[in-house]
Each structure stands twice: as C-alpha cells, then as structure tokens.
C-alpha cells in the first residue's frame, strides 16, 4: 500500500501488453528534471530477454505545498492560492510620500519558467540531495539572479545609471517569462533590472519549483554599511556633511519571502524566510542574502 510522502508504486491496471502503475515520490525527493527508463524482462526458452525503453518525455519533480510531510507545506488554501498558484500580482514601489504599484506577470506555469528554474539548479553547486532542501534551493535560486562581471552566471544585470539605450530599461519589463526566455537564449545577464525586477523573477522561479513565495517592499530601507547596528550620518568639525561616509537610505527596496520549515535552526523559526537577490554586500562572494527568518 502506498504511503503519502514515501517512495513506492502500485499496479493499478494490467491489460494485454499495457501496464499502468501509480508512483508516489518521497516528500524529501530531489527536485528537478528526471529521465524515465522502463526495463522489461521476458523468459523465452530458458533465456532471459531484456529491453530498456526511454520515455520520450522528461518528468519534473517539484516541492509540494499541499503535502503535510513536505517542508514547504502551507496549510491554508487561500495562502496556497495567493503564494503558489497566483500567476499575476502587484509590486509596491515609490516612496513613503508617493507610493504606487506595478502589475507583474509572474507566469510560473509557463514552460520557459520551468526550464529556467531547473537549468539554474543544474548549473548550481548544490549536491543532488541538497536539491530536496528548500533552504538550500532558495539560496541557490536567489544567488543566481544578480549578474556580475566575472561571475559566470546571473539572470539579470542590474542598472541604475538611467542610460539604457542598449537594452530594456528596468521599468520596461512587465513579467518574468520574457526575462527568463531571453536569459535562456543568451545564457548571460539580461539587461536591465533593479530590485523589484529581480525580486519578481525570484518569486516566479520559487513558485515554479513549488515553494510558496512573495515580494515584500520596505519604504525608507536602511543599509548599515559598517555593521554597527545603526544607520549613521557624518559631519566634519566645521559642520559640513560627509555624505561619502553615510549609511544608505533607499526610497524603497523589494526582496523576497519564501515559506518552509527550518529544521537547521532552533524551534520557532519555521515559516516565512527572507532572501534578497540585490543586497549592497556580498555573501560567500556573491551579491545575495538569506534565507533568514
């Protein structure tokens, strides 16, 4: 008998030369693209004949937020609808005084998004078993978003110069599928994006893999450049501002949150985990941050 969350199969039909099986995957199974081979043995005149058939279609195994044993399980149906199934949404931009929203097509069910997500995992440094861990998968996806020279990868090249004549301006994009399609064609950072573009594409890739995800906007986002746990402004002895030493204060910043268990941390840290594909500082040599509760 099959058990939910555990590998197994059962025979459901046998007719002539046709066999129908029901297969159940483990709740911690490796996420990604699988090839399916069917091995058949037949005894004829005391000789065992063997055949191997490769199925023409690949099989994609994802996280399952409907499965209680899965680390990304989300119990509420309204929450699953919003953070897994919803293909469109709005991202808040602007400032405290003048905020507005941009519609966005996440498009996580489009085939190009599935290919992009699994290709990024294939190119990552994750070991096979790590691809069943949503913490490590989320970090891998997040760190693959921001393109930097010499990094050998990155989906989007950041641009804040205001000069975008050689490509698309950050505000010209309206959805993730177009960005991911161009990335798969060129295999280099797509020009150009900013924090909301990268957060939106990250949300798409995580939802594509079955991880509940959302974009989060913070207005007057503060950046502590010197790790002093304070945001400082500096003045000279003659009371002139020294802005080159000041910590940064952004009008807004957009990052991601994803929902999953954290068995690697003490009790109480399960749930929404923050990640940022466009931080000011590097983590492990890459512009990425998180996931963190």
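Residue numbers (UniProt numbering): 1 to 293.
Even glycine gets a Cβ: it sits at the ideal position worked out from N, Cα and C.
Sorting 95, 110, 90 and 68 by C-alpha distance to the C-alpha of residue 101 places 90 at the top. By the beta-carbon neighbour count (other beta carbons within 10 angstroms, threshold 16), residue 179 is buried. Across the structure, residue 116 and residue 181 are spaced so that their CA atoms are roughly 8 Å apart. The beta strand (DSSP E) runs of length 3 or more contained entirely in the segment 164–235 are, from start to end of the chain, 190–193 and 213–223. For residue 39, the enclosing beta strand (DSSP E) begins and ends at 37–44. For residue 291, the three-state secondary structure derived from DSSP is strand. DSSP lists 39 as the bridge partner or partners of residue 52. For a cut-off of 8 Å, the C-beta gap from residue 138 to residue 291 is around 5 Å, short enough to register as a contact.
Annotation: the continuous alpha helix (DSSP H) that includes residue 123 extends over 111–123. Between the segment 169–176 and the segment 25–42 there are fewer than three inter-stretch CB-CB distances shorter than 8 Å, so the stretches are not counted as touching. Comparing C-alpha distances from residue 37 to each of 166, 236, 94 and 57 shows the shortest one belongs to 57.
For residue 159 and residue 34, the gap between their C-alpha atoms comes out near 36 Å.
One alpha carbon belongs to residue 205, the other to residue 40, and they sit about 37 Å apart. By a beta-carbon distance limit of 8 Å, residue 108 does not contact residue 214. Their separation comes to about 12 Å.
By the C-beta density criterion, residue 42 is exposed, having fewer than 16 other C-beta atoms within 10 angstroms. The residue among 55, 257, 164 and 155 with its C-alpha nearest the C-alpha of residue 187 is 155. When C-beta atoms of the segment 246–258 are compared with those of the segment 117–132, fewer than three pairs fall below 8 Å, so the two segments do not count as touching. Taken atom to atom, the span from the alpha-carbon of residue 194 to that of residue 93 is near 11 Å. Residue 168 has its alpha-carbon roughly 22 Å from the corresponding atom of residue 142. Spatial neighbours of residue 29 in its own chain (CB-CB distance under 8 Å, excluding positions within 5 residues in sequence) are listed in chain order as 7, 61 and 132. Within its own chain, the residues whose Cβ lies closer than 8 Å to the Cβ of residue 19, once the five positions on either side in sequence are excluded, are 11 and 13, listed in chain order.
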